[in-house]
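Below is the structure:
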């Protein structure tokens, strides 16, 4: 009798856990859709403004630093994939190693973006600008960089969880969400970079 009650309680707990995880994953996808819509709105605003006159437009070549940061974030997508694979294989050592690599690449991306902004300011292109097309460079890259910071914090949480030996199931779920989000940030940056390249 007591064994049956215990089993029923465990089944309820597992059902609640699965519902909670489905809700978390749904919220993540909802958030990413919202983020993409925000950048789509920025893109629309940029196009409308740029087409409002011949004196509008970026009117400068994008700093090479943006190309380097693209390479960095592409590599980081590989390392987060390897970290997730290691988590599923229950190889905590490799998971932590590839997580650290991804975190480091995220930080490198952060500093390269600042270097790109330095190049722009040396050319006399500032955020507060009479040509809003040039201001949009900072808007696109700045908002994306804010999400990179959030992504790095998510990865740090995954690393701490792996270090504390949380359950295999919880560890893999955390890594799954982090991997989805990080790949999204990668794709979002490629969209931003290509969009700016086509409009420089």
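In the numbering used here, the protein residues as written are 1147 to 1346.
Just so you know, even glycine gets a beta-carbon here, dropped at the ideal spot from N, CA and C.
Who are the Cβ neighbours of residue i in its own chain at under 8 Å, not counting the five residues just before and after it?
| i | result |
| --- | --- |
| residue 1188 | 1282, 1285, 1286 and 1289 |
| residue 1334 | 1181, 1182, 1185, 1290 and 1293 |
| residue 1206 | 1266, 1269, 1271, 1280 and 1346 |
| residue 1253 | 1298 |
| residue 1251 | 1218, 1219, 1221, 1222 and 1225 |
| residue 1167 | 1319 |
| residue 1201 | 1277 |
Taking just the CA atoms, how far does residue j sit from residue i?
| i | j | result |
| --- | --- | --- |
| residue 1267 | residue 1222 | 28 Å |
| residue 1242 | residue 1227 | 12 Å |
| residue 1229 | residue 1277 | 43 Å |
| residue 1193 | residue 1344 | 11 Å |
| residue 1175 | residue 1259 | 26 Å |
| residue 1214 | residue 1257 | 11 Å |
| residue 1322 | residue 1231 | 10 Å |
| residue 1239 | residue 1177 | 31 Å |
| residue 1204 | residue 1163 | 50 Å |
| residue 1208 | residue 1273 | 15 Å |
Just checking residue i against the ligand SAH - is the residue's beta carbon closer than 7 Å to any of the ligand's heavy atoms?
| i | result |
| --- | --- |
| residue 1171 | No copy of the ligand SAH appears in this structure; indeed no ligand is present at all. |
My guess is that residue i and residue j are in contact by the Cβ rule of under 8 Å, so how many angstroms apart are they, rounded?
| i | j | result |
| --- | --- | --- |
| residue 1293 | residue 1342 | With 8 Å as the limit, residue 1293 and residue 1342 do not qualify as a contact, their Cβ atoms being about 17 Å apart. |
| residue 1319 | residue 1300 | That belief does not hold up - the Cβ atoms of residue 1319 and residue 1300 are roughly 13 Å apart, past 8 Å. |
| residue 1262 | residue 1212 | 5 Å |
For residue i, count neighbouring C-beta atoms within 10 Å of its own C-beta (all shown protein chains included) and say buried if the count is 16 or more, exposed if not.
| i | result |
| --- | --- |
| residue 1126 | As displayed, the chain neither begins before 1147 nor continues past 1346, which places residue 1126 out of reach and without an answer. |
| residue 1172 | exposed |
| residue 1210 | exposed |
| residue 1198 | exposed |
| residue 1249 | buried |
| residue 1338 | buried |
| residue 1296 | exposed |
Give the DSSP-derived three-state secondary structure of residue i in the structure shown.
| i | result |
| --- | --- |
| residue 1198 | coil |
| residue 1215 | helix |
| residue 1280 | helix |
| residue 1222 | helix |
| residue 1313 | coil |
| residue 1261 | helix |
| residue 1179 | helix |
| residue 1160 | helix |
| residue 1346 | coil |
| residue 1274 | coil |
| residue 1269 | coil |
Excluding the five sequence neighbours on either side, which residues of its own chain have a C-beta within less than 6 Å of the C-beta of residue i, listed in chain order?
| i | result |
| --- | --- |
| residue 1325 | 1226 and 1230 |
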